[in-house]
Amino acid sequence: LCCECGQSHLLLDNHLYNFQDEVDDELTCHICLQPLLQPMDTPCGHTYCFKCLENFMQEYNFCPMDRKKLSFQQCHKSSLLVRNLLDKLIVFCPFKAECQQTMQRCELEAHLQNRCPGFKKYKSELQRKKNPISKGKENPSTKVETNTPKDPEVPSGGSSLVAESSAAAVVSLGTAEPGLVNPAFEETEEGESLTQRTSLVAETTTIEIHREDPEEELGMRIVGGKDTPLGNIVVQEVLHDSVIAADGRIAPGDHILEVNGVNISSVTHCQAVSFLRHPGPVLHLMVLQEKGFSNKSAQQDPTCAPNREVIHVTLIKRERSEPLGIKLIRKTDEAGIFILDLLEGGLAAKNGKLSRNDRVLSINGQDLRQGTPEAAAQIIQNTESRVNFVILRQAGVQLSEPAEDGSTSNNSSSSSNGGSPVHHRRRGDQNHYRRKSSYQKGYASHEKTVAIKKEPKESLGITIGGGRDNKNKLPIYVTSVQPIGCLFRDGRIKRGDVLLSINGIDLTPLNYYEAVSALKSNAASHSVILKALEVLSLNSSEPSLDIKEQGFSWAPLWITWLGLPSYLHFCQDIVLTKGNLESWGFSIVGGFEESKGNQPFFIKTIVPGTPAYRDRKLKCGDEIVAVNGVPAIGMSNSELIPMLKEQRNKVTLTVVSWPGSLV
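Given below as structure tokens:
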């Protein structure tokens with residue numbers, strides 16, 4: 008059953024409700040014929056559910072009512088008045104046998120989570136089915152491994168990465184590894200003692216992920232693989248409102264060692280993606296997680312402290328700008344951020360599951376154990392609807408009762424915006440940093456020119472992605488070739504091709520909407536000349552990953568971006584600052600080696616609590632192009648590391664950041 012509406016429906020379908028009264032036809036969607044959910048207005052004056060319209064527009068380009076030409080980008084949210092009218096429609100609790108209450112539609116989820124005896128009974132039965140013999144035993148999904156993990160056979164002949172000692176849960180990354188230099192834990196010249204900073208440690212943890220829909224994406228991006236200098240599979244990003252974000256235990260920078268008992272620490276990038284995309288209701292992951300430096304106080308992980316419990320809380324915003332009504336602070340005597348107060352009438356106070364003095368460990372899968380209130384507020388502000396908290400609480404703390412249905416919900420807009428004042432960081436200057444090399448191990452790029460004669464009204468029949476306004480500043484690439492256009496008939500332009508120009512107009516510096524405009528205007532002529540770059544895999548034994556990703560438009564794998572020539576790379580400057588006694592906080596792999604030649608430098612590890620971690624712009628898998636303007640290409644580890652160590656308090660890293668593969 009859905010935890011928001013309490014009824015059974017497909018994951019991608021709208022929620023279902025039992026309305027008390029007949030709903031006015033003006034408030035009904037004419038696609039699903041149900042009262043509107045997340046209503047969207049079209050330019051021609053019709054209103055549909057967000058999901059209904061989105062699904063419809065994937066197949067058609069006209070309005071369902073009057074068949075006027077329409078694109079989803081032209082539509083916008085309905086007015087606040089309409090959304091409030093819909094939210095106030097009265098519904099029955101779906102658990103009629105145990106609960107006969109009625110409430111406003113917007114209040115049903117909070118009712119189910121906090122007050123409904125029927126839903127509580129359902130969850131208890133569900134938990135009992137999942138763990139029939141676990142009563143009184145430790146939950147295996149959160150247990151730290153203490154034995155050497157199994158090393159099952161994999162097609163590529165992978166080998167175990169984890170140390171073979173009986174205490175394999177604690178691994179020192181200070182040991183030498185070929186091609187890996189970690190300036191994060193170099194001793195400082197100020198005489199810092201070894202008792203203050205002994206070694207960089209990590210723990211292997213087994214995590215059990217449950218999916219209601221076995222086909223649902225996990226919602227994280229990964230980089231690395233044995234066919235790249237990174238070697239291991241590393242989590243680059245956790246997407247908002249995803250399965251992984253809701254679970255809250257996996258964070259960017261975690262290394263994935265095993266998937267369902269299969270060792271993936273020494274497989275190719277494509278093989279790892281194939282393992283992680285394999286459908287199933289339960290997924291067992293063994294991950295290696297950074298714990299930072301052990302210091303003189305030898306403080307334990309606070310989540311392991313006695314009389315404390317880790318709690319998951321989800322708050323639902325009706326729109327992105329809605330505040331949660333939480334005040335967050337930092338303490339002088341303890342790292343991390345804490346809840347100072349819950350504003351009366353606010354979303355968090357009405358939900359009733361958060362409490363004063365709770366420590367926030369993560370929000371939407373983003374680790375905040377060393378975070379700031381500003382960083383937390385920005386994550387909350389950028390979230391569309393579901394805000395997933397993982398908090399640490401002193402055992403035995405009594406929660407206040409959630410606000411009654413009639414509480415002053417309209418006053419919540421006067422509360423703090425998402426948690427605390429937000430001071431927006433200015434992004435580093437971004438520029439094209441052209442250089443002579445490109446990394447194409449396993450991939451080759453081929454430039455082609457396609458000349459087509461066509462009817463003036465005949466469309467090209469392609470959809471595109473990317474654009475320099477994209478978060479990763481991607482070039483324009485083809486996401487699909489439709490069977491109705493002239494390019495499908497011609498057959499030379501394929502999905503994944505990077506579009507360079509059309510009729511002499513350079514597409515490489517354009518943002519998405521500029522590229523769409525250029526393609527449409529030039530498609531009106533009798534002849535079209537397209538220049539494109541095709542990236543080809545040289546390894547025919549790799550698993551086929553040519554599948555549509557549910558809920559997301561198609562995008563190339565991370566490793567294929569590495570095959571692009573450098574003139575298509577968009578570089579940005581990231582400026583890090585640190586104190587005299589700090590280290591930069593990242594490790595790198597790659598560089599020139601006689602046996603392998605020139606390889607790019609990649610960020611492999613970002614250590615919690617360090618300048619690189621706090622800055623939050625640098626990501627695992629980013630390629631370092633230059634340090635303080637000096638190109639890194641052709642350098643070895645032994646040449647680049649001294650450059651980084653010479654920078655006492657400030658360093659400018661020029662990096663290229665490609666989006667990781669979505670799993």
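Residue numbers (my numbering): 8 to 670.
We put the CB at the ideal spot given by N, CA and C, even for glycine.
Among all the DSSP beta bridges, which residues are the ones paired with residue i?
i    : result
C56  : P46
Y484 : G472, V505
F599 : BP columns for F599 are empty, so no partner.
H83  : D48
S594 : T612
M227 : V245
A458 : I536
A451 : L543
M293 : T213, E265
N395 : T321
T35  : P42
E630 : F609, V663
Q401 : R315
To the nearest angstrom, how far is it from the Cα of residue i to the Cα of residue j?
i    : j    : result
K324 : F69  : 30 Å
S392 : N635 : 40 Å
F577 : S594 : 22 Å
L34  : T235 : 54 Å
K460 : S534 : 5 Å
S369 : P330 : 18 Å
N371 : K357 : 20 Å
E381 : R621 : 11 Å
Q278 : W561 : 18 Å
T155 : F282 : Residue confidence for T155 is low, a pLDDT of 35 falling below 50, so the modelled location carries little weight and cannot support an answer.
T210 : E297 : The residue you asked about is not Thr; residue 210 is Glu in the sequence shown. The straight-line gap from Cα to Cα measures roughly 7 Å.
L628 : P563 : According to the sequence provided, residue 628 is Gly. The question's Leu does not apply to it. If you take the alpha carbons of G628 and P563, they lie about 16 Å apart.
L375 : V289 : 27 Å
E653 : T612 : 20 Å
R218 : P463 : 49 Å
Q108 : L44  : 22 Å
R90  : A525 : 36 Å
S362 : F345 : 10 Å
L88  : Q388 : 22 Å
I216 : N270 : 17 Å
E29  : C9   : 23 Å
Could you give the residue range of the beta strand (DSSP E) that holds residue i?
i    : result
D580 : 578-584
M110 : 109-111
K657 : 657-663
What residues in its chain sit with their C-beta under 8 Å from that of residue i, if we drop five residues either side in the sequence?
i    : result
H53  : H37, C70, P71, M72, D73
L77  : T49, P50, C51, M64, N68, F69, C70
I491 : S466, G468
C39  : N21, C56, C59
Quick check on the DSSP output: the alpha helix (DSSP H) that includes residue i runs from which residue to which?
i    : result
A639 : Where A639 is concerned, there is no enclosing alpha helix (DSSP H), given that its DSSP letter is neither H nor E.
V523 : 519-530
Q41  : Per DSSP, Q41 belongs to no alpha helix (DSSP H) and is neither H nor E.
F102 : F102 -> no alpha helix (DSSP H), and no H or E assigned at all.
L647 : 644-653
S281 : 276-284
D622 : 618-622
I491 : Segment: none, I491 is in no alpha helix (DSSP H) and carries neither H nor E.
W561 : Unbroken run through W561: none, as it is neither H nor E.
I386 : 380-388
L514 : Element bounds for L514: n/a, residue is neither H nor E.
Answer with yes or no whether the minimum CB distance from residue i to chain C is below 8 Å.
i   : result
L96 : The chain inventory of the structure shown lacks chain C, comprising one protein chain alone.
Starting from the C-beta of residue i, find all residues in its chain whose C-beta is less than 7 Å away, skip the five residues before and the five after it, and write them out in chain order.
i    : result
E408 : At E408 the pLDDT is 46, less than 50, meaning the model places this residue with poor confidence; the figure from the coordinates comes in the next sentence. Result list for E408: G359, in chain order.
E630 : P607, F608, F609, V662, V663
K75  : C51, F69
G474 : L481, I483, L517, N518, Y519, A522
V230 : L237, V241, Q243, W565, C627, G628, G667
F126 : G13, F102, L119
Among the residues of its own chain, which have a CB less than 6 Å from the CB of residue i, if the five just before and after it don't count?
i    : result
S645 : none
N267 : H291
R327 : E391
T659 : D580, V582, N635
L17  : none
E11  : H22, E116
L506 : I483, L514, A539
A253 : N395
G597 : P236, Q606, P607, F608, F609
- [ ] Report the residue ranges of all alpha helix (DSSP H) runs contained in full by the region 315-373; include only those spanning at least 4 residues, in chain order.
- [x] Runs of the alpha helix (DSSP H) inside the region 315-373: 354-358.
Open item on the list: Which complete beta strand (DSSP E) runs does the region 240-271 hold, if anything under 3 residues is left out?
Closed with: Fully enclosed beta strand (DSSP E) runs of 3 or longer: 240-245, 262-266.
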